[in-house]
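If you count by the numbering used here, then the sequence shown holds residues 371 to 1247, one letter each, in order. We put the beta carbon where it would ideally sit given N, CA and C, even for glycine. Keep in mind the model is a prediction, meaning the values are calculated, not measured.
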Amino acid sequence: MAAEAADGDPPDHHGGSGPNSNSAASTAPYPRSTPSRLRVMYWNAGGISGKTQDLRTLVQSQDIHVVLLGETKLRSRQELRLPNFFVYRRDEVSPHSIAYRGTAVLVRRDVVHGGLELPDFINTRTLGIRVGAVGTELRLFAAYRTPGTRFCSSDIHTIFEDHTPTILAGDLNAKHTVWDSRVVSPAGRQLLQDAEDYGYEVLGPVTPSHVPTDPRFGADVLDIVLCHRLPFPIHVEVLPEEVDSAASRLNQAAYSSATTRLPAATCRRWDLPLRLQRALQHKRNLKRLWARTRCPRVKRDLNSVALELRQEVWTFGGAAWEETIGQAGEDWKSLHQLCRSLTKAPAPVCPLFDKTGMRRYAAKDRAEILAEHLEEQFTLHPASDSHSIVRHHEEVEHRVRGFLSAPIPSLPGDYYVSPTETARAIFRLPKRKAPGPDGIPTIAIKQLPRRAMVAMTRLFNGILRTGHFPACWKTGRVIAIPKAGKDPRLASSQRPITLLSHIAKLFECVLLRRLLRHLNPRQEQFGFRSGHSSTLQLARVLHHMAVEHNRGRRTVGVFLDIEKAFDRVWHSELLYKLIENRIPPALVRTVASFLKDRDFYVTVEDATSDPRPIRAGVPQGSCLSPCLYAVYIDDIPTLTDQLQHWEENVVLALYANDSAYLASSRRADLTAAKLQRVLDLLPDWLDRWRVAVNVTKTAALLTGQQRAMLAKLRLWGQEVEWQTRVRYLGVQIDHSMCMAAQVEHIIHQSRAARSMLRPVLRSHLPLRAKVALYKGYIRSRLTYAAPAWYALCSISQKKRIQAQQNIALRMIAEAERYVLNDVIARDLCIETIEEFIQRIARRMFDIADQGPYEFLRNIAPMQERSPSGRPFPRKLI
């Protein structure tokens, strides 16, 4: 908890405190011998032993002059030292030599001060000093009242009977809604009445000062400030740096106590035997001798030795490969590592072009080129100069600034985190994930002791209470992976992967669960939602197109390409939409802190770039980002408010940033005109929320045959090209809806996977292991999203897909030509491709029909159709 008093400042009371609450007070100028502002901090330590380093860090970072401590719990022999501070103590020890309660005051040596006599109190424990500030004397008291004891107003009167301005800070266990407590206690009622009668002021923070770890109890205000005869206003605020320091300490503890540094592995996959090593050395000697003498006999011997050595090394390599195959178990982990050794060949290192077109080879230069490119990418799209758009942007900025500057009410108690929830979140962490900038892997977090887990819970509650996201968690480490089929020498051809702190990701999961209580995305949004999937969205789209085709109607689809969707989200607009969605203000403030002042650096080999700021976008790699982006585009326009009573609305299909509009009619020109009306609405929405669409990559598709090509649709004054096939959610959709392009695509992918895995599939691995590899790497490519599109395929296309399975199974079993495919599949216990797709389709539709989402129930329903009509996805079941 922080308090600030200044001469001539307008009175403003807001702030909070926590289980380890901190407070600071500052006063107006005094003579040159005293500080221009006196900063006083109150900390309810709950036992100061072992926390002096934390206190020292906080005092230095906040430039504190006076520290008031409550519940020090020190024995007389225990030392309490802080560099450059004078210490006043009042320890209390039980008859059994157990330290309890206790107060202390620490004063910096450049402050003129003096101790006060300890008056006699009934139930309140205090310790006070006298300092010079604001041209007068000021008395400061650290106080504590034991819960369960009777509140005695005489204790307060004893302190305030002096005419010297006085400030008392502490935990008096007196609650009242007047100082923002959640409930009213008898002691709080007595304190309020006594303050009105005696003429002193009681100040409390607007955020809880105590957040219990037990979710059955709610957070509440316990630490308060009492002021009497102050000639200046006082300002109370929470110090967010306590959250930053706690996060830093937790990172250091997790890194030092739960990790072990191992030496880098230097062994090779196999070592050549001594005989081959000597033969290789003999070959090198002959080569040097030949270079020196040019003797024909030496050349003849060199060729003979090189030929023999090549054959022996090839034989040894084959035996070593057989040994590697033999060491691979049947568990999926060892099989996956074996396949990675074949399929993950190292990519060549290429230079990068800088802005001047010069090639840069040094790792540091390449890192800076990538960082500069990403810094430009993490910026807002240019704003429109339209008067209405500019006015809208100003209103949004004003609304967000006013919201963030206003006092934020505290969260209810069930929003805070319990150690059980933290333990469950840690248990769900994946085992193999690259660490973030702090270098802490997930396996280290899983090994943290219970004490560290409780400290993590307190830190999470502190973030929710203060709305301050730690600054040390806002840095991302970016590594780049070349995009397939692109020029690797261009920075734009590198795919950035951002690595964040895993402890920060834990809190983001906690925050996401609380946000989802209040967020209700539109039903067309299927991206990153429980119970929804890309296959269900594809089934919905293809079912609509098939139904309209069977009714003799034409369907026009426009598939938008939103440019830099996640990287250029405007933070103010996003917060504005969260406010409009009636999200609890404390959660909105936490999200605002989560997005503010983020930065990143790029790592290339062993070199790192300078840190670069992130001015827009939602962080890559965060579980919050898809949810926040869904909120950002949730109001994308349709024709809902502009339709006649006889008109049908366009169909909107959303999956994160993949957006599509579908419209149908008996006449293709009328269908295109309806979609043009939607495209005419888009520019205003795009300008208002500073979203951009890449028109050159946006495609339009018209189902069925068309003799005369329709006029091109237009967006932002640019023409949208008509395509014969489009790619949506990883599936190729053609205008005839026969899925021929999709079949060609998956067959090509399965052939490539089978070619790379040929050495493993033809090895002496057990059949169960090879079948598992086929299911995980080849069949998964053949059946991607198949419940949505497989029913539309012709019989010949289905036979081609089945043939790919037959070829792979014949390779696995090493069967002769005369062995039937059905016999091989029966012996390997592999169902046909169609039977497998039917099984997963039945499961997908059953889950959707029995789930809690009304919109998904009976999605893509079966309907009557003519023999020549297009089949529906549910035909499989």
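Look up CYS597 in the DSSP assignment and say whether it is helix, strand or coil. Under the three-state reduction of DSSP, CYS597 is assigned to strand.
Which word fits TYR568, buried or exposed, when buried means at least 16 other C-beta atoms lie within 10 angstroms of its C-beta? Label assigned to TYR568: exposed.
Quick one: using the 10 Å Cβ neighbour count with 16 as the cut-off for buried, is VAL770 buried or exposed? VAL770 comes out buried.
Can you tell me whether TRP1055 is buried or exposed, with buried defined as 16 or more other CB within 10 angstroms of its CB? In this structure TRP1055 is exposed. Its beta-carbon is surrounded by fewer than 16 other beta-carbon atoms within 10 angstroms.
Is it right to say HIS913 is buried, meaning 16 or more other beta carbons lie within 10 angstroms of its own, or is it exposed? HIS913 sits buried, since 16 or more C-beta atoms from the chains shown fall within 10 Å of its C-beta.
From LEU1226, GLU1184 and ASP1028, pick the residue whose C-alpha is nearest to that of ASP1004; which is it? Looking from the CA of ASP1004, the closest CA among LEU1226, GLU1184 and ASP1028 belongs to ASP1028.
Helix, strand or coil, according to DSSP, for ASP1028 in the structure here? In this structure, ASP1028 counts as strand in the three-state DSSP scheme.
Three-state secondary structure assigned by DSSP to ALA1250: Outside the displayed span of the chain (371 to 1247) sits residue 1250, for which this structure offers no information.
contact_flag[the stretch 869 to 888, the stretch 1124 to 1138] where n(CB pairs < 8 angstroms) is 3 or more: Verdict: no, contact absent.
Assign ILE1006 to one of three DSSP states: helix, strand, or coil. ILE1006: coil per DSSP, three-state reduction.
DSSP on ASN920, reduced to helix/strand/coil? In the three-state reduction of the DSSP assignment, ASN920 falls in the helix class.
Please identify the residue among ALA649, ALA661 and ARG662 whose C-alpha is closest to the C-alpha of GLU343. Outside the shown range of the chain (371 to 1247) lies residue 343, about which nothing can therefore be said.
Measuring straight from C-alpha to C-alpha, what distance separates HIS941 and GLU1091? One C-alpha to the other measures close to 33 angstroms.
Going by DSSP, name the residue or residues bridged to ALA1070. Partner(s): VAL928 and TRP1092.
Quick check on VAL1189: buried or exposed, where buried means 16 or more other Cβ atoms within 10 Å of its Cβ? Exposed: under 16 other Cβ atoms inside 10 Å.
Unbroken alpha helix (DSSP H) run spanning GLY558, endpoints: From DSSP, the alpha helix (DSSP H) with GLY558 extends over 556 to 568.
Can you look up ARG761 in the DSSP assignment and give me helix, strand or coil? In the displayed model, ARG761 falls within a helix according to three-state DSSP.
Residue from GLY540, ALA793 and GLU449 whose Cα sits closest to the Cα of ALA415: Nearest to ALA415 by C-alpha distance, out of GLY540, ALA793 and GLU449, is GLY540.
Within 10 angstroms of its Cβ, does SER1166 collect 16 or more other Cβ (buried), or is it exposed? Under a 10 Å Cβ-count criterion, SER1166 is classified as exposed, with fewer than 16 other Cβ atoms of the shown protein chains found around its own Cβ.
What do you reckon, are the CB atoms on LEU744 and PRO866 nearer than 8 angstroms? LEU744 places its beta carbon less than 8 angstroms from that of PRO866.
Nearest to ARG599 by alpha carbon, out of HIS652, ASP532, SER555 and GLY574? Distances from the CA of ARG599 to each of HIS652, ASP532, SER555 and GLY574 were compared; the closest alpha carbon is that of ASP532.
Contacts around LYS421, its chain only, beta-carbon distance under 7 angstroms, and the 5 residues preceding and following it disregarded: Correct list, in chain order: ALA415.
Does the contact criterion of 3 or more C-beta pairs under 8 angstroms hold for the stretch 921 to 939 versus the stretch 852 to 863? Touching, no, given that fewer than three Cβ pairs across the two stretches are closer than 8 angstroms.
Is the stretch 1125 to 1144 close to the stretch 1087 to 1102, with three or more CB pairs under 8 angstroms? Output reads no: the stretch 1087 to 1102 does not touch the stretch 1125 to 1144.
Do you know offhand how far TRP640's Cα is from VAL928's? Bear in mind that the predicted position of TRP640 carries a pLDDT of just 46, short of 50, making it unreliable; the figure below should be weighed with that in mind. Whole-angstrom Cα-Cα distance: 55 angstroms.
Going by DSSP, what residues sit across from SER862 in a beta bridge? Beta-bridge pairing links SER862 to no other residue.
Residues near LYS545 by beta carbon distance below 8 angstroms, same chain, minus five either side: Cβ neighbours of LYS545 beyond the five flanking positions: SER551, ARG552, VAL553, VAL554, SER555, ALA557, GLY558, ASP590, VAL591 and LEU592.
Spatial neighbours of SER1106 within its chain, please: CB distance less than 6 angstroms, with the 5 preceding and 5 following residues excluded, ordered by chain position. Closer than 6 angstroms at the Cβ level, and outside the excluded window around SER1106, lies no residue.
Please report the distance separating the alpha-carbon of ALA1218 from that of PHE964. In this structure, the straight-line span from the alpha carbon of ALA1218 to that of PHE964 is close to 34 angstroms.
Residues bridged to ASN655 [DSSP beta-bridge criterion]: ASN655 is not bridged to any residue.
Check whether GLN864 and ALA850 have beta carbons under 8 angstroms apart: Going by C-beta atoms, GLN864 is nearer than 8 angstroms to ALA850.
Within 10 Å of its beta-carbon, does PRO389 have 16 or more other beta-carbons around it, so buried, or fewer, so exposed? The predicted position of PRO389 is uncertain, since its pLDDT is 38 and thus under 50; no value can be drawn from it.
Could you tell me which residues DSSP puts in a beta bridge with PHE456? Answer by DSSP bridge pairing, in chain order: VAL477.
Taking just the CA atoms, how far does THR528 sit from SER871? Going from the Cα of SER871 to the Cα of THR528 covers about 51 angstroms.
Assuming ASN1191 is part of the alpha helix (DSSP H), what are its boundary residues? That run of the alpha helix (DSSP H) goes 1191 to 1197.
So for ILE1217, helix, strand or coil by DSSP? Correct three-state label for ILE1217: helix.
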